[in-house]
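Participant: Heads up: the sequence shown is residues 5 to 230, going by this note's numbering. Note that the Cβ used here is the ideal one computed from N, Cα and C, for glycine as well. Please read all numbers here as calculations on a predicted model, not as lab measurements.
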Amino acid sequence: MIALPEAIGAPTPELPSPQLFDLQGQNVLITGGNRGIGLAIGIALAEAGAAICFVQRDIADTSAADTVRAKGGEAHIVHCNLIDMEQVKTVFERALTVMGGEIHVLVNCAGVITREPSLSLTEKEWDRVTDTNIKSLFLLCQSAGKHMIPLRRGKIINVSSIMDTIGGEGIIAYSASKGGVRQLTKALSNEWSRYNVQVNAIAPGFTETDMYAPLTLCIQDDIRLT
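#1: For residue 81, verify whether its CB is less than 7 Å away from any heavy atom of the ligand HEM.
#2: Looking at C-alpha atoms only, which residue of 150, 112, 87, 196 is the closest neighbour of residue 33?
#3: For residue 205, does the three-state DSSP call read helix, strand or coil?
#4: Output the distance between the C-alpha atoms of residue 84 and residue 170, rounded to the nearest integer angstrom.
#5: So, for residue 71: in the same chain, excluding its five sequence neighbours on each side, which residues have a beta-carbon less than 7 Å away from its beta-carbon?
#6: Counting C-beta neighbours from all protein chains within 10 Å, is the total for residue 81 16 or more, i.e. buried, or is it exposed?
#7: Please report the residue range of the alpha helix (DSSP H) in which residue 151 lies.
#8: How would you write the range of the alpha helix (DSSP H) that residue 191 sits in, first residue to last?
#9: What residue ranges within the region 53-108 form continuous alpha helix (DSSP H) runs of no fewer than 4 residues, ordered along the chain?
#10: Relative to the C-alpha of residue 100, which candidate in 31, 127, 160 has its C-alpha closest?
#11: If you reduce the DSSP assignment to three classes, tell me which class residue 43 lands in.
#12: From residue 178 to residue 147, what distance separates their C-alpha atoms?
#13: Inspect the beta-carbon positions of residue 174 and residue 132 and report whether they are closer than 8 Å.
#14: Excluding the 5 residues preceding and the 5 following residue 202 in the sequence, name in chain order all residues of the same chain whose CB lies nearer than 6 Å to its CB.
#15: What's the call for residue 11, buried or exposed, on a 16-neighbour Cβ count within 10 Å?
#16: Closest to residue 28 by CA distance: which of 108, 63, 45 is it?
#17: Output needed for residue 54: all residues of its chain with C-beta closer than 6 Å, excluding positions within five of it in sequence on either side, in chain order.
#18: Distance check for residue 110 and residue 129, CA to CA, integer angstroms please.
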């Protein structure tokens, strides 16, 4: 019998963010940061020392910024409805003004999902999902690239989904948009890495957020058991 290292199967030790990396002096712009995965990302980056600017449709909701500030971090909010492309085209410049003229990191985490069979999905819903999940993401990346490439530095993190590769029954617009995020990220990385601008994506699995809640309890139980 082969003896396995004791570490196999052991839980990953939790380390405070500052022990993993130091983001003092770094400004981060994040979409979808007022809830779920995006909020967790924003809090973690703030704990590592970054100043956070949340892109929000509802600027009256200060809960995310308040959470960061309560932990001793710096947080700001800029308004943008991500299905309004004219707002999307200007939000990066508006955020630059708020953040003192520098944004070092862009995190695209905003996303919406519609659960509807493909034969009954309306064009309006298709556009709402794809505009939010891929079109606005590209425009934000483009704005970030125009700022970061001349400076020869920058990080862009796009939040995709495991649905970018496996698809999903009843969520065709979401799956298609996340597949687009995956390929867009690869293409931008190939194009911009020579300028020291790194573009990467993460593809979370099922995560218990408000987007996950509509799944039936039995499906949630099945997921937990796998």
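Facilitator: With the structure as the only source:
#1: This structure lacks the ligand HEM, and indeed carries no ligand of any kind.
#2: Your numbering for residue 33 matches position 29 in the sequence shown. Here the closest residue by C-alpha is 112.
#3: As a position in the sequence shown, residue 205 is number 201, starting the count at 1. Residue 205: strand per DSSP, three-state reduction.
#4: Against the sequence shown, residue 84 aligns to sequence position 80. Against the sequence shown, residue 170 aligns to sequence position 166. Whole-angstrom Cα-Cα distance: 31 Å.
#5: The count along the sequence shown starts at 1 and reaches residue 71 at position 67. Cβ neighbours of residue 71 beyond the five flanking positions: 47.
#6: Reading the sequence shown from its first residue, position 77 is the one you call residue 81. So residue 81 counts as buried.
#7: For this step, residue 151 is matched to residue 147 along the sequence shown. Where residue 151 is concerned, the enclosing alpha helix (DSSP H) stretches over 140-155.
#8: Residue 191 sits at position 187 when you count from the first residue of the sequence shown. Per DSSP, residue 191 belongs to the alpha helix (DSSP H) from 176-196.
#9: 67-74, 89-102
#10: Along the sequence shown, one-based indexing puts residue 100 at 96. Comparing Cα-Cα distances from residue 100 to each of 31, 127, 160, the minimum goes to 31.
#11: For the purposes of this step, residue 43 is taken as the residue at position 39 of the sequence shown. Note: residue 43 maps to helix in three-state DSSP.
#12: The count along the sequence shown starts at 1 and reaches residue 178 at position 174. The count along the sequence shown starts at 1 and reaches residue 147 at position 143. Roughly 24 Å separates the two Cα atoms.
#13: Taking the first residue of the sequence shown as position 1, residue 174 is located at position 170. Taking the first residue of the sequence shown as position 1, residue 132 is located at position 128. Their beta carbons are not under 8 Å apart, which means residue 174 does not touch residue 132 by this criterion.
#14: If you number the sequence shown from 1, residue 202 lands on position 198. Hits under 6 Å: 159.
#15: Counting from 1 along the sequence shown, the entry for residue 11 is found at position 7. Unreliable placement is indicated for residue 11, whose pLDDT of 47 sits below 50; the coordinate value is still reported in the next sentence. Per the 10 Å Cβ criterion, exposed.
#16: Numbered from 1 along the sequence shown, position 24 holds the residue referred to as residue 28. Considering only alpha carbons, the answer is 108.
#17: In the sequence shown, counting from the first residue as 1, residue 54 sits at position 50. Answer for residue 54: 27, 30, 32, listed in chain order.
#18: If you number the sequence shown from 1, residue 129 lands on position 125. If you number the sequence shown from 1, residue 110 lands on position 106. If I take the Cα positions, the gap works out to 27 Å.
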